Amino acid sequence: MEIGSGASPKQPHYYGGGGGGSNTAVSGGSTTSVHVTALDGLVNVNSLFTIAVFVGLSLTTPGQRSLENPSCDAGVDVAKKLLVFEVVSFSFFLFSSLVAQGLKLAINLLNSKDADDAFKAHINFKVLRLGMLGSAVGSIMGCLFLMLSMVNVIQIRLGMLSCGSKSAVHAVVALIVLVTSALLINISTAIYAFLH
Numbered sequence: 197m198e199i200g201s202g203a204s205p206k207q208p209h210y211y212g213g214g215g216g217g218s219n220t221a222v223s224g225g226s227t228t229s230v231h232v233t234a235l236d237g238l239v240n241v242n243s244l245f246t247i248a249v250f251v252g253l254s255l256t257t258p259g260q261r262s263l264e265n266p267s268c269d270a271g272v273d274v275a276k277k278l279l280v281f282e283v284v285s286f287s288f289f290l291f292s293s294l295v296a297q298g299l300k301l302a303i304n305l306l307n308s309k310d311a312d313d314a315f316k317a318h319i320n321f322k323v324l325r326l327g328m329l330g331s332a333v334g335s336i337m338g339c340l341f342l343m344l345s346m347v348n349v350i351q352i353r354l355g356m357l358s359c360g361s362k363s364a365v366h367a368v369v370a371l372i373v374l375v376t377s378a379l380l381i382n383i384s385t386a387i388y389a390f391l392h
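This is how it looks when you write it as structure tokens:
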């Protein structure tokens, strides 16, 4: 029984855009599917945060009263800041999601060009990394402005921090500590992945 020495089964891989117009294989295995999965996760997380943005926008209507101390009601300036922070946060999340969707679409379209090798994608690896970095930065900035808007939401519903409302102070401290810690871990992970 004769056994042929044919080529190994096809695996998804990348071709990075190197200098001088030459393409060099930079990765094998399931690199393409890993990047698509990461982009899908980023878009899903941004969608969840966008829901929080619209919840905050519902509190920008006039006449909102403090639940703890009516004498510490937030003024119109706090509602204006909330609206600005929510819009900026939404803009960053939208930017991040659109960049991620664009990269995902490019990968899928390039993978489907060759019917004989549907798992091969000729992709400029530097452009892919920069696009994913830009999408991650947009998501991080969106989280930062969302945190600032949540501070204003707390002041509208629990009273101004300047009034010394204990509930408002405790909520803001917990929010800032937890979100800042998570952002630092996220940024550190992104930087490590980008450099390696």
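Here the sequence shown stands for residues 197 to 392, where the numbers follow this note's numbering. All residues carry an ideal CB built from backbone N, CA and C; glycine is no exception. Keep in mind that this is a model prediction, so the values were computed, not measured.
Is it true that the CB of residue j sits closer than 8 Å to the CB of residue i?
i, j, result
"Ile-352", "Val-274", "yes"
"Val-369", "Met-343", "no"
Give me the Cα-Cα distance between residue i and residue j, rounded to the nearest whole angstrom.
i, j, result
"Ser-363", "Leu-294", "38 Å"
"His-392", "Leu-357", "43 Å"
"Gly-360", "Asn-304", "54 Å"
"Phe-286", "Leu-244", "11 Å"
"His-366", "Met-346", "13 Å"
"Ser-377", "Ala-386", "14 Å"
"Gly-327", "Phe-250", "27 Å"
"Val-241", "Leu-253", "19 Å"
"Ile-336", "Leu-324", "18 Å"
"Val-284", "Asp-269", "24 Å"
"Ile-350", "Leu-371", "10 Å"
"Ala-279", "Gly-298", "One detail in the question is off: residue 279 reads as Leu in this sequence, not Ala. Cα to Cα, the separation comes out at about 28 Å."
"Ala-302", "Leu-235", "12 Å"
"Gly-237", "Ala-248", "17 Å"
The alpha helix (DSSP H) that contains residue i, what's its start and end?
i, result
"Ala-367", "362–391"
"Met-356", "Premise fails: Met-356 is in no alpha helix (DSSP H) and is neither H nor E."
Contact check, residue i vs residue j under 8 Å by CB: the rounded distance?
i, j, result
"Gly-338", "Phe-289", "4 Å"
"Lys-277", "Asn-348", "5 Å"
"Ser-267", "Ala-296", "46 Å between Cβ atoms; not a contact."
"Gly-334", "Phe-281", "Their Cβ separation, rounded to whole angstroms, is 15 Å, which puts Gly-334 and Phe-281 out of contact at 8 Å."
"Lys-322", "Val-232", "That pair is no contact at about 18 Å."
"Leu-340", "Leu-306", "Leu-340 to Leu-306, Cβ: 33 Å. No contact."
Minimum length 3: unbroken beta strand (DSSP E) runs contained in the segment 273–298 | none
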